[in-house]
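Okay, so here's the structure we're looking at.
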Amino acid sequence: MATYALQRLIQSVFVLLAASIVVFLAVYGIGDPVEILVPPQASAMERAELMRRLGLDLPLWQQYLVFLWNALHGDLGRSFVHGVPAIELILSRLPATFELVLLAMTIAIGVGIPVGLLAGLDTDSRLSRTIMAGTVLGYSIPNFWKGMMLILVFAVLLGWLPTSGRGATVDILGLKTSLLTLDGLKHLILPALNLAIPNMALMVRLVAAGTAEAKAQDYVKYARAKGVRPRRIVGRHILRNILIPVVTVVGIEFGSLIAFSTITETVFAWPGMGKLLIDSIYQLDRPLVVAYIMLATFLFVSVNLVVDLLYAALDPRVRLAGEAA
Amino acid sequence: MTFPGRALPLAAALMAAALPAAAQNLRIALSSEPTAVDPHYHVLAPNNALAAHLFDALVDTDDAQRLVPALATAWKNDGANKWTFTLRKGVKFSNGKPFSAEDAIFTFCRVAKNETNIASGNKDLIRSMKSVEAPDPFTLVVTTAEPEPLLPRLLAGIPVLSSSIAAHGKVTFNLDANCGVTGPWPSVSQFNEGAVAIGTGPYKLKSYVRGSAIDLVRHDGYWGEKPHWETVKMVPVTNAGPRLAGLIAGDFDLIENPAARDLQRIREDKRLAFVSTPSSRVIFFQLDVARNPSPFVNDGKGVNPLQDVRVRKAMAMAIDREAIVKRLMDGGAAVANQFLPAGMYGTLPNPPAIRFDPAAAKKLLAEAGYAGGFDLTLTATNDRYINDGQIAQAVAGYLSQVGIRTKVDAMTRAIYFPRRAKKEFSFSMGGWGSAEGSSFLRYWATAPDEKKTRGTSNYGGLADPQLDDLVSKALVTMDDEKRAELLRQSIARLLDLHAFIPLHFENTIWAHKADIAYAGRADQYTLATNAKPAKK
Chain C
1 MATYALQRLI
11 QSVFVLLAAS
21 IVVFLAVYGI
31 GDPVEILVPP
41 QASAMERAEL
51 MRRLGLDLPL
61 WQQYLVFLWN
71 ALHGDLGRSF
81 VHGVPAIELI
91 LSRLPATFEL
101 VLLAMTIAIG
111 VGIPVGLLAG
121 LDTDSRLSRT
131 IMAGTVLGYS
141 IPNFWKGMML
151 ILVFAVLLGW
161 LPTSGRGATV
171 DILGLKTSLL
181 TLDGLKHLIL
191 PALNLAIPNM
201 ALMVRLVAAG
211 TAEAKAQDYV
221 KYARAKGVRP
231 RRIVGRHILR
241 NILIPVVTVV
251 GIEFGSLIAF
261 STITETVFAW
271 PGMGKLLIDS
281 IYQLDRPLVV
291 AYIMLATFLF
301 VSVNLVVDLL
311 YAALDPRVRL
321 AGEAA
Chain D
1 MTFPGRALPL
11 AAALMAAALP
21 AAAQNLRIAL
31 SSEPTAVDPH
41 YHVLAPNNAL
51 AAHLFDALVD
61 TDDAQRLVPA
71 LATAWKNDGA
81 NKWTFTLRKG
91 VKFSNGKPFS
101 AEDAIFTFCR
111 VAKNETNIAS
121 GNKDLIRSMK
131 SVEAPDPFTL
141 VVTTAEPEPL
151 LPRLLAGIPV
161 LSSSIAAHGK
171 VTFNLDANCG
181 VTGPWPSVSQ
191 FNEGAVAIGT
201 GPYKLKSYVR
211 GSAIDLVRHD
221 GYWGEKPHWE
231 TVKMVPVTNA
241 GPRLAGLIAG
251 DFDLIENPAA
261 RDLQRIREDK
271 RLAFVSTPSS
281 RVIFFQLDVA
291 RNPSPFVNDG
301 KGVNPLQDVR
311 VRKAMAMAID
321 REAIVKRLMD
331 GGAAVANQFL
341 PAGMYGTLPN
351 PPAIRFDPAA
361 AKKLLAEAGY
371 AGGFDLTLTA
381 TNDRYINDGQ
391 IAQAVAGYLS
401 QVGIRTKVDA
411 MTRAIYFPRR
421 AKKEFSFSMG
431 GWGSAEGSSF
441 LRYWATAPDE
451 KKTRGTSNYG
461 GLADPQLDDL
471 VSKALVTMDD
481 EKRAELLRQS
491 IARLLDLHAF
501 IPLHFENTIW
511 AHKADIAYAG
521 RADQYTLATN
531 AKPAKK
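Protein chains in written order, with our numbering: chain C, 1 to 325; chain D, 1 to 536.
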């Protein structure tokens, strides 16, 4: 187990390194940030001063090495646009995104799994067919449009919920969360729902397909013949066996929502990380984009690790690579 | 429903009494967020607008960008390099400290010594001052190295800080001795956290949460007209749809830049209103008049047709700018025949109209030897100016009709601006907002000169000795009337050269609740002090 985790850790260092090179080159390739930041009124001298301070006067390979050296010392650079450490900016946005994704995934799982089971257990019923048709709608409607519709219905027409932004927050262990205030929850519901709907649909389809397949398996038939209660068959035998793909998807979706729920955050003016990324790309804010992608990569690597460990916990037949030796 | 006769008026009176108290809070949705609270960090419209709430400069500009007194009540020039500013007495910073000349000198020093800002030209301005002295606490004498007729205008862009935010001895304008400041200069982060965001403006910073909200409270010791709103909340909502939805749902009282397509919707809603104010931002096309051949023009002979003034004139005449303003901009723009709206300092009172005449344009092209036209690529942004992508398409259509086969290459600003700076384009769209006649000429139209910071945006390579001479003279002429005349001559000369095709001046639009009146500003800033309860 420990060897396995260590192996994965070394792998992830290389992944991070590769990601940093690619992003560094890509942002450099788009264009010179100085041309976006500096107005024509600035003299050549003032301009050169800024470039020196931002380290943009060095050749690219040297810029990268400087970045790498600083990164090894825990400094991912200062945002060109905001003038404050990039990592500080990103982390200040993390709690907002995290609580949003947490709520969204809770809704997706909480609704998706039971509904999926319901649909999978009796695939021919009208209810099941309605649910399956609904899921197609759920993940084929564009996120942007769906967000606007949610705002239109629940905020503009009904006036139940606020249109955008984050509500009141409270401090928990130094982190600001809006999950614990009424105003905060009101602001959270719509964006969380917007993120949850496609994932809910995905979850329903996954669970339904798995259930339909599993219920025809011999072990289910045997359990039924043995007289095991239907509730226990579903909960203990079917559900447990179909959870592996579900855990994989939840893991991937969790990571990608944290890193890239850009559209929802933009539509709902949610002060999360996704919005920061988009703004930074437009402004060629290289330190921020690089730090962001590094963090996102790190997140994905860790989520995958957790998912692998969960596999082993769920299915005793799965051996982690390190243990096999 | 029946009410006892007298209860209704009473209830109405009670409600009316309760309303003003509840309405003292103004909630604004911004289309783009300030990047910092530090007023010297980056010269950008959203940053400057936020700074205008918290700070004052020596000189201020009004809604039409004319200079008005602020922390200086009067200023005069000795006909050469010496300026004397008389400072306002009895002004207090939001921390209670009184304002004096020391704060102004401290501010100049901070601009020059700032290590965290983004280049803006203000550092150059301060370094070009030979001396800044305060013979008494309310007189400031600035001597510049070169004659600088625009000094009051430029100082309007430098908000004044309180000298109490850094440890110091006697503050003098001695940049080599760190101006007598002994402690560290305040950083951009300290301003964002609010600790040193101390100004003399109408509001105080309560909190600044990036991406989320900026909260302001009224500064009760403010020297000027008491602002109506006790608290102001500014929320960045970058997307136009949700911004308007927030206004309709009542989450906001005032929003910036509603989409043009939504104006009809606002017109039809009795609870809402909007104001459309002409701005000084001109949208124009810049032609590569220098290179031969030029990368995105092809006449089949390897010659750059844009070098011929007749071709350039024909292009200007081929574009129906009235139609673009009316149809594409939905009236939210004014046709431009020069580079700053008439009436502003140093502009032509009656610029010659560039008329739409495709037949004459064709004739001019034939005269220049391009009866068969040529191939041209128009490059433009698609996310910087209002309707920029569509404007580019329309212009390409007009040019194609007179035989100039025009393709459009529209791209995001992050790619466009760096490429344009490398002079990769032949025919490109630009935008420029300014407050007086010289800046467009200086930065866009004169031959590049790094030492003098001229022609820094002259991507078309225009180099006309007559124009350069006129502009050079204007930039150092202290007499306002003489300078204005030189600027008018420069603009006339530039228009004759047809190296730029002015298109229109953008309007800025603010939508708001019907019970609020908003006075739009030509500089496009959104100020809480410009919003007042509507007169019934």
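Backbone N, C-alpha and C define an ideal beta-carbon position, used for all residues, glycine too.
Source: prediction; values computed, not measured.
Residue nearest to residue i in terms of C-alpha spacing, selected from the options
i      : options                           : result
Q524/D : V209/D, G211/D and V282/D         : V282/D
G116/C : V246/C, V23/C, R78/C and L157/C   : V246/C
Q393/D : L50/D, D449/D and T379/D          : T379/D
P46/D  : E225/D, N257/D, A167/D and V68/D  : N257/D
P33/C  : S131/D, A414/D and Q466/D         : A414/D
D496/D : L376/D, V309/D and D262/D         : V309/D
T61/D  : L154/D, S428/D and A361/D         : L154/D
Y64/C  : Q41/C, R286/C and P230/C          : R286/C
L328/D : A316/D, R291/D and I386/D         : I386/D
M89/D  : W83/D, K97/D and K82/D            : In the sequence as displayed, the identity of residue 89/D is Lys instead of Met. The shortest C-alpha separation from K89/D is found at K97/D.
P69/D  : V59/D, L467/D and H504/D          : V59/D
I126/D : A514/D, Q65/D and T143/D          : T143/D
E230/D : A511/D, H53/D and Q489/D          : H53/D
A177/D : N192/D, F106/D, P305/D and I214/D : F106/D
T529/D : M411/D, D63/D and P34/D           : D63/D
I293/C : V23/C, I10/C and L9/C             : V23/C
L84/D  : N114/D, S120/D and D136/D         : The sequence given here has Thr at residue 84/D, not Leu. Of the listed residues, the one whose Cα sits closest to T84/D is D136/D.
Residue i versus residue j: straight-line alpha-carbon distance, rounded
i      : j      : result
D320/D : P358/D : 9 angstroms
D253/D : Q24/D  : 11 angstroms
M129/D : S434/D : 23 angstroms
K176/C : L102/C : 15 angstroms
R236/C : A71/C  : 47 angstroms
A21/D  : I28/D  : Because the pLDDT of A21/D is 44, which lies under 50, any placement of that residue in the model is unreliable, and the number read from its coordinates should be weighed accordingly. Each residue's alpha carbon lies about 18 angstroms from the other.
A80/D  : E481/D : 15 angstroms
M234/D : T163/C : 15 angstroms
S207/D : R405/D : 54 angstroms
P4/D   : D56/D  : Low per-residue confidence applies at P4/D: pLDDT is 41, beneath 50, and the placement is therefore not dependable, though the value from the model is reported in the following sentence. Spanning the two alpha carbons is a distance of roughly 54 angstroms.
Y4/C   : L314/C : 17 angstroms
F356/D : A318/D : 6 angstroms
A336/D : S457/D : 20 angstroms
V221/C : S12/C  : At residue 221/C the sequence reads Lys, which differs from the Val that was named. Going by the C-alpha atoms only, they are around 43 angstroms apart.
E213/C : R205/C : 12 angstroms
I30/C  : K215/C : 53 angstroms
T248/C : V307/C : 6 angstroms
T508/D : S279/D : 6 angstroms
I109/C : V250/C : 8 angstroms
P186/D : C109/D : 12 angstroms
Proximity of residue i and residue j at Cβ, strictly below 8 angstroms
i      : j      : result
A197/D : V37/D  : yes
F274/D : L287/D : no
F427/D : F339/D : no
T526/D : L175/D : no
A51/D  : P39/D  : yes
I118/D : V38/C  : yes
M149/C : G241/D : no
G437/D : L487/D : yes
Closer than 7 angstroms: residue i CB and nearest the ligand FAD heavy atom
i     : result
D57/C : For the ligand FAD, the structure offers nothing, since it holds no ligand at all.
task = Entirely within the region 241-309 of chain D and at least 4 residues each: give me those alpha helix (DSSP H) ranges in chain order.
result = 263-268
key: Proximal residues, the region 443-461 of chain D versus chain C, C-beta separation under 8 angstroms   = Y443, W444, E450, K451, T453, T456 and S457
query = At which residue ranges does the region 333-364 of chain D contain complete alpha helix (DSSP H) runs of 4 or more residues, listed in the order of the chain?
reply = Look at the region 333-364 of chain D and you find no whole run of alpha helix (DSSP H) that is 4 residues long or longer.
inquiry  = Which complete alpha helix (DSSP H) runs does the region 424-478 of chain D hold, if anything under 4 residues is left out?
reply    = 465-476
query = Quick one, which residues of the region 114-141 of chain D are near chain C if we go by CB-CB under 8 angstroms, in chain order?
reply = E115, T116, N117, I118, A119, S120, G121, K123 and D124
key: Where the region 265-276 of chain C meets chain D: residues whose CB sits under 8 angstroms from a CB there   = Considering only beta carbons, the part of the region 265-276 of chain C lying closer than 8 angstroms to chain D consists of T266, V267, F268, A269, P271, G272, K275 and L276, in chain order.
query = Listed in chain order, which residues of the region 226-249 of chain D have Cβ atoms closer than 7 angstroms to some Cβ of chain C?
reply = V235, P236, V237, T238, N239, G241, P242, A245, G246, I248 and A249
request  = Please list the segments of the beta strand (DSSP E) lying wholly inside the region 160-248 of chain D, counting only runs of 3 or more residues, in order along the chain.
outcome  = 203-209, 213-218 and 231-236
Cβ-based contacts, 7 angstroms cut-off: residues of the region 55-84 of chain C near chain D = Interface annotation for the region 55-84 of chain C against chain D: V81, H82, G83 and V84, criterion Cβ-Cβ distance under 7 angstroms.
ask   = Which residues, in chain order, does the region 133-163 of chain C contribute to contact with chain D at a C-beta distance below 7 angstroms?
value = Cβ contacts with chain D come from M148, I151, L152, A155, V156, G159, P162 and T163.
inquiry  = Please identify, using Cβ separations under 8 angstroms, the residues of the region 371-382 of chain D that lie next to chain C, in order along the chain.
reply    = none
request  = Give, in chain order, every residue of the region 13-44 of chain C whose Cβ lies closer than 9 angstroms to some Cβ of chain D.
outcome  = Interface annotation for the region 13-44 of chain C against chain D: I30, G31, D32, P33, V34, E35, I36, L37, V38, P39, P40, Q41, A42, S43 and A44, criterion Cβ-Cβ distance under 9 angstroms.
query = Going along the region 168-185 of chain D in order, which residues come within less than 9 angstroms of chain C, judged by CB to CB distance?
reply = Taking 9 angstroms as the cut-off between beta carbons, none of the residues of the region 168-185 of chain D comes near chain C.
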